[in-house]
Structures are given as C-alpha cells and as structure tokens.
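Engineer: Residue numbers (the numbering used here), protein chains in the order written: chain A, 1 to 231; chain B, 1001 to 1231. Have a look at the structure that comes next, please.
Number of protein chains: 2
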Amino acid sequence: MYKIEFKDFFTYSFSLDCVIFGFQNGKIHVLLIKRAMEPFKNKWAIPGDLVYPDEDLAAAANRILVELTNLSMVDLHQAETFGNPNRHPQGRVITSAYMALIRIADFKATPASWAEEVKWQAIDELQELAFDHNAIIQSTYELLKKKMRTEPICFDLLPERFTLNELQCLYEFVYTTTFDKANFRKKLKHIPLIKQTEKQANVKHRPAKLFSFDSQLFQSLITQSEYQFKL
Amino acid sequence: MYKIEFKDFFTYSFSLDCVIFGFQNGKIHVLLIKRAMEPFKNKWAIPGDLVYPDEDLAAAANRILVELTNLSMVDLHQAETFGNPNRHPQGRVITSAYMALIRIADFKATPASWAEEVKWQAIDELQELAFDHNAIIQSTYELLKKKMRTEPICFDLLPERFTLNELQCLYEFVYTTTFDKANFRKKLKHIPLIKQTEKQANVKHRPAKLFSFDSQLFQSLITQSEYQFKL
DNA sequence: GCAAAAGTGTTTGGATTACACCCATGC
DNA sequence: GCATGGGTGTAATCCAAACACTTTTGC
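Right, here's the structure in full:
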C-alpha cells in the first residue's frame, strides 16, 4: 500500500526553533545565537534543537530555549511549521517555529550548550542565517504584525511601565508608518491602562506620565463583554 | 551532549491531516473518512497520512487528499501542528493540519485507498473521531473564523454565483449571530462583486440577484492601494 | 390579495481624521 | 527665553446600528 515500508516512515527528526522578539532603540529585535557545532558552525541562527522522542512540543520549546540561552519562563506560542526535505543537510528534519515576545531588559540571555554567543539583532538588519532561519523569522514576524492588531501583545515588548509615546513608536515601527499623536491616544481610551503616579525622569523636556497595562481588567472585559482589543 | 544518541532522534514519523471545509444547508461541514485500517479501524477521521521522507509538505497534503478522497486541485493551507507524544498509538507521530475551503457541489469526494467511506459532517454535529482529530478540527475551525474576518475566503465556500443572502447566512453561521440585512449590504459596498444578469430561479418569492466575487479587481486593489478586506 | 423574501432609504450617535494649540522641563 | 517633546480640544467627516419602508415573485 505504501511505496516504502512502514518502519521507514520513522526516519525523520523533528526540531523546534524559537523566534524571540524584543524591542529596543525603536526597533524590533530578534535573539540570535552563534552555532559552535556543525552544520553551519560559526553561523548565526535562532535558538533551536531537536525534540526528544517522548517530549511534548511546548515543553521542548522551553527546554531548548533555556539550554541555549538561559532564558526561562518565556511564554512561547507556535507559529509556522517548515518541512522542505532539504532544509537540513544531515537528514529530514521538520521544524516548528515557536515565538515569544519579551522585555529585553527583564531577561539576561547568555550563551550555553553549543551556543557560543548570543545577541539581539534588529529585524531590519539581519544577515544571512543558518538553515532556512531567515524565512522562519520572516514568516513569524508577519504573524507578530497580524497579532499586534487584535491582541494586547505589545505590552510584552515594552517595559512594565511605559510612556504613551513608546507605545506609539512601537506600533509605528511595526507598521512602518506614522500616527497623529492626539488620534493615537484617543484609540487608547478603550484599552485598559493604569496611569502611574510617577513620571519619566532625566529627560530634557516635559516628563511623560508612565502607564502599565491592566491585564486583570482586560481579562474580565473579554470574558464579560464582547470587547475586542484593536490598535 | 544529548541524553540519547543522535541517530535515535530519527525515530519519529510525520503526518498531515486535511481539514476540508464546505458549506451546505446553512452549516459549515467537514469532510470525514471512515478508516478501513488499524489503528482506529472503522472510526471516522479526517483524511490524513504519513509524509514520505523526501516529500515536501504542501505536495504531500495534496497527494494524501487525492489518495483518500479523490479530491484534487484543492488549495490547502497550513494550520496548527500537533505533537503530543501519545497522540498516535503506534509511535511518535507529529502531524500538521492543512485546511482548505471548497464548494461541495463542485467536487465529488469518493473513498479510495484505506478510506472506506466519505461523508460531509456538520461542524456542530461531530461525533468522536480517531486520534486527536476533534481537537484538530476545532483549532482549524478557529483559524477559519479568524481568517473570514479579513480575507475573502468565504467565496471559496459559496457557489460561483451566489445571492447576498447566502453570503449573509454563511457569516451568521460562522459568527453565531444575526445581522441586519440593510447594514450587512452596506458593508458589501466595499467588496468587489460582479452583479450577474441572471436571477435566482424556482423560488416562491421575489428572485434574488446573483453575484460573483471579482478576484481580479480584488487583486489589483490590494496591490495598488492599502485596501483591506473586512466583513 | 397574501405570504415570503428581496432590496433600499433615513436618522442618529459614535468613531476617525486633520489640525491647532497649550504645558512642563533642561539649559 | 527657547528648544523639545508631552498632552489636549475642536470641527468636519465618515461609519455603523436601528428601523421602516417598497418591490417582486408564487400561489
């Protein structure tokens, strides 16, 4: 019935690749590691590795990220799966991308295992990476852009307390456009933000008020009404 | 470095499962097959099978669908990937869902290979299926619902020529709500539709005008302006 | 004429846009 | 005072919801 024997279907491998986004200096960045191992030794890549045969995908994504970069407690979500038969030089390896958005300043990524170095690279300044990792990042970034319109994931990228201008700059970078300040703030009227008492410090202009996202209120809004986040 | 030998990572298998949606009798339906093969022999399932080790994913999804149901030339798109270690009783099989939307009347699904029967089942009347196929359908249906808001995929489900009421009924079923007829049609003002000269026939009330989707105009709209489909 | 569904117009209130203006801080 | 960004108000316009109304067909 099959063109090959049933047992010969069990000759794949399966990996996960973690696309970790952060926001700094006005740009979305991606976490990269330098491979200390063949194939693509000394090339930059996104952190990823093979999944153990008895391991669940979500758990494996977390393990792999910890092992290579010491980033733990990161909220990973599945993105696209890549299965070109030639994408891995050592055999048939299908890979699923997992994505996370983190506050760069709140985490300390350090190289471990076969990761020799770790760095944050601006999404618009990526060099050529190992495997098909450029395509993986591209596809996952498209997903990020889509999600940012309808889900409050922007707050995972900004510091816990942020200014409204920082929020606007993030959206302007992602959508490569500019917004009218007054109108952008009117849209924020519908979004549950907590105004902090403190203000920005050490700026040579009027200090901005700081805000934080009210995720509790957000949760009750979406469960109790047909509230829809939109920006 | 690894807890197992490198070669022991090549003990997985990988499958694809096709979630084919259609629309009839006012309801979204899913194409199911009856398995003539262990495991889950005689159980209903979505069409799916193992991917050959040298086969590309998109091509494999099409091949599998043809082999089991004789449906060819179907436009399949990747959805979620499922990798619970215990989801398949015969080994570690990771699977990616592929989804398609078709006009039921334009295709003739017939069982082949180890598919014993084929049927269209209403999405809200699904029985218990083989493997984790209920979860796969659920997740893929959520994706369909999301996509229908911003992409003109509804026209893949409706007949080539449809009435505006049929379109409205489709959206009302998917969003489990009702719309005001006049207001729904105002929203359609922005969507490139071609008014046909013929009308509905054999109805015992005023016959409705028939429309078709102008995909050419749609293509030029999205490339030339920043047009966004929305319904 | 009547039932049934097709098809359209009007009003109203809320959101979006463009744009102008004032405010607080460092130097 | 002035440069720099923070922060807000207004008017015009567009859009969406609610609702009422007219039209065309079969019987």
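A virtual CB, placed ideally from N, CA and C, is assigned to each residue, including glycine. Note that this is a predicted model, so its numbers are computed, not measured.
In whole angstroms, what separates the C-alpha of residue 1212 (chain B) from that of residue 1194 (chain B)?
Structural biologist: Rounded to the nearest angstrom, the two C-alpha atoms are 5 Å apart.
Engineer: Tell me whether residue 1174 (chain B) is buried or exposed, calling it buried when 16 or more other Cβ atoms sit within 10 Å of its Cβ.
Structural biologist: Label assigned to residue 1174 (chain B): buried.
Engineer: On the DSSP bridge list, what partners appear for residue 1098 (chain B)?
Structural biologist: According to DSSP, which records beta bridges pairwise, residue 1098 (chain B) is partnered with B:1018 and B:1078.
Engineer: Mind checking if residue 92 (chain A) is an interface residue toward chain B, Cβ cutoff 8 Å exclusive?
Structural biologist: Chain B contact via Cβ: present.
Engineer: Along chain A, which residues have their Cβ under 8 Å away from the Cβ of residue 1081 (chain B)?
Structural biologist: Correct list: 57, 78, 81 and 96.
Engineer: Roughly how many angstroms lie between the CA atoms of residue 71 (chain A) and residue 62 (chain A), to the nearest whole one?
Structural biologist: One C-alpha to the other measures close to 8 Å.
Engineer: Which complete beta strand (DSSP E) runs does the segment 4 to 51 of chain A hold, if anything under 3 residues is left out?
Structural biologist: Qualifying beta strand (DSSP E) stretches, in chain order: 13 to 24, 27 to 35 and 48 to 50.
Engineer: Is it right to say residue 1092 (chain B) is buried, meaning 16 or more other beta carbons lie within 10 angstroms of its own, or is it exposed?
Structural biologist: Looking at its Cβ environment, which holds 16 or more other Cβ atoms inside 10 Å, residue 1092 (chain B) is buried.
Engineer: Mind the definition here: the segment 1219 to 1226 of chain B touches the segment 1160 to 1179 of chain B only if three or more C-beta pairs lie below 8 Å; say whether that holds.
Structural biologist: In short, these stretches do not touch, since the Cβ pair count stays below three.
Engineer: Can you confirm whether residue 1084 (chain B), when its beta carbon is compared against all beta carbons of chain A, has any partner nearer than 8 Å?
Structural biologist: Yes, residue 1084 (chain B) counts as interfacial toward chain A.
Engineer: Look up residue 1071 (chain B) in the DSSP assignment and say whether it is helix, strand or coil.
Structural biologist: Note: residue 1071 (chain B) maps to coil in three-state DSSP.
Engineer: Between residue 184 (chain A) and residue 200 (chain A), how many whole angstroms is the CB-CB distance? I'm expecting something under 8 Å.
Structural biologist: Not confirmed; about 18 Å, so no contact.
Engineer: Taking C-beta pairs closer than 9 Å, name the residues in chain B that residue 11 (chain A) reaches, listed in chain order.
Structural biologist: Those are 1010, 1011, 1012, 1013 and 1053, listed as they occur along chain B.
Engineer: For residue 1108 (chain B), report the span of its beta strand (DSSP E) as first-last.
Structural biologist: Neither: residue 1108 (chain B) is in no beta strand (DSSP E) and is coded neither H nor E.
Engineer: Considering only their Cβ atoms, is the gap separating residue 1050 (chain B) from residue 1118 (chain B) smaller than 8 Å?
Structural biologist: No, these two residues do not count as a Cβ contact at 8 Å.
Engineer: Pop quiz: residue 143 (chain A) and residue 99 (chain A) are said to be a contact at Cβ under 8 Å. What is the actual Cβ separation, rounded to whole angstroms?
Structural biologist: At roughly 7 Å, the Cβ-Cβ gap stays under 8 Å, so residue 143 (chain A) and residue 99 (chain A) are in contact.
Engineer: Is the CB of residue 1137 (chain B) under 8 Å away from at least one CB in chain A?
Structural biologist: Answer no: the Cβ-Cβ gap between residue 1137 (chain B) and chain A never drops below 8 Å.
Engineer: Can a CB atom of chain B be found closer than 8 Å to the CB of residue 3 (chain A)?
Structural biologist: Closer than 8 Å to some Cβ of chain B, the Cβ of residue 3 (chain A) qualifies, so yes.
Engineer: Which same chain residues, not among the five before or five after residue 156 (chain A), have their C-beta less than 6 Å away from its C-beta?
Structural biologist: If we look at residue 156 (chain A) and ignore the five residues flanking it on each side, its Cβ neighbours are 101.
Engineer: Using a Cβ cut-off of 8 Å (strictly closer), state whether residue 50 (chain A) contacts chain B.
Structural biologist: It does; some Cβ of chain B falls within 8 Å.
Engineer: Quick one: what does DSSP say residue 213 (chain A) is sitting in, helix, strand or coil?
Structural biologist: It is a strand residue.
Engineer: Using DSSP with H/G/I as helix, E/B as strand and the rest coil, what is residue 222 (chain A)?
Structural biologist: Three-state DSSP puts residue 222 (chain A) in a helix.
Engineer: Work out the CA separation of residue 1096 (chain B) and residue 1015 (chain B) for me, nearest whole Å.
Structural biologist: Approximately 7 Å between the Cα atoms of the pair.
Engineer: Measuring only the C-alpha atoms, how far is residue 1230 (chain B) from residue 1205 (chain B)?
Structural biologist: Distance between the alpha carbons of residue 1230 (chain B) and residue 1205 (chain B): 30 Å.
Engineer: Check whether the Cβ atoms of residue 1104 (chain B) and residue 1024 (chain B) lie closer than 8 Å to each other.
Structural biologist: In contact: residue 1104 (chain B) and residue 1024 (chain B) (Cβ atoms closer than 8 Å).
Engineer: Across which residues does DSSP place residue 1231 (chain B) in a beta bridge pair?
Structural biologist: According to DSSP, residue 1231 (chain B) bridges with nothing at all.
Engineer: DSSP state of residue 1194 (chain B), grouped into three classes?
Structural biologist: Residue state, collapsed to three classes: strand.
Engineer: Count the other CB atoms within 10 Å of the CB of residue 1149 (chain B); is the residue buried (16 or more) or exposed (fewer)?
Structural biologist: The residue is exposed, with fewer than 16 neighbouring Cβ atoms inside 10 Å.
Engineer: Just confirm the distance between the C-beta atoms of residue 1034 (chain B) and residue 1115 (chain B), as a whole number of angstroms; I'd bet it's less than 8 Å.
Structural biologist: Sure, about 7 Å apart at Cβ, within 8 Å.
Engineer: Quick one: measure Cβ to Cβ for residue 1058 (chain B) and residue 1129 (chain B), integer angstroms, because I've assumed they're closer than 8 Å.
Structural biologist: Residue 1058 (chain B) to residue 1129 (chain B), Cβ: 24 Å. No contact.
Engineer: Using only the alpha-carbon positions, how far apart do residue 1069 (chain B) and residue 1075 (chain B) sit?
Structural biologist: Rounded to whole angstroms, residue 1069 (chain B) to residue 1075 (chain B) spans 15 Å at the Cα level.
Engineer: Quick check on this structure: which residue in A:198, A:215 and A:214 has the alpha carbon closest to the alpha carbon of residue 208 (chain A)?
Structural biologist: Closest option to residue 208 (chain A), Cα to Cα, is A:198.
Engineer: If we call anything under 8 Å between Cβ atoms a contact, is residue 140 (chain A) one with residue 1078 (chain B)?
Structural biologist: No, these two residues do not count as a Cβ contact at 8 Å.
Engineer: Starting from residue 135 (chain A), follow the beta strand (DSSP E) in both directions and report where the run begins and ends.
Structural biologist: Counting along the chain, residue 135 (chain A) falls outside any beta strand (DSSP E), though it belongs to the alpha helix (DSSP H) covering 133 to 150.
Engineer: Could you check if residue 2 (chain A) is buried or exposed, using at least 16 other CB atoms within 10 Å of its CB as the buried criterion?
Structural biologist: Answer is exposed; the Cβ neighbour count stays below 16.
Engineer: Leaving out five residues before and five after residue 159 (chain A) in sequence, what residues of the same chain have Cβ atoms less than 7 Å from its Cβ?
Structural biologist: Excluding positions up to five away in sequence, the list reads 103 and 105.
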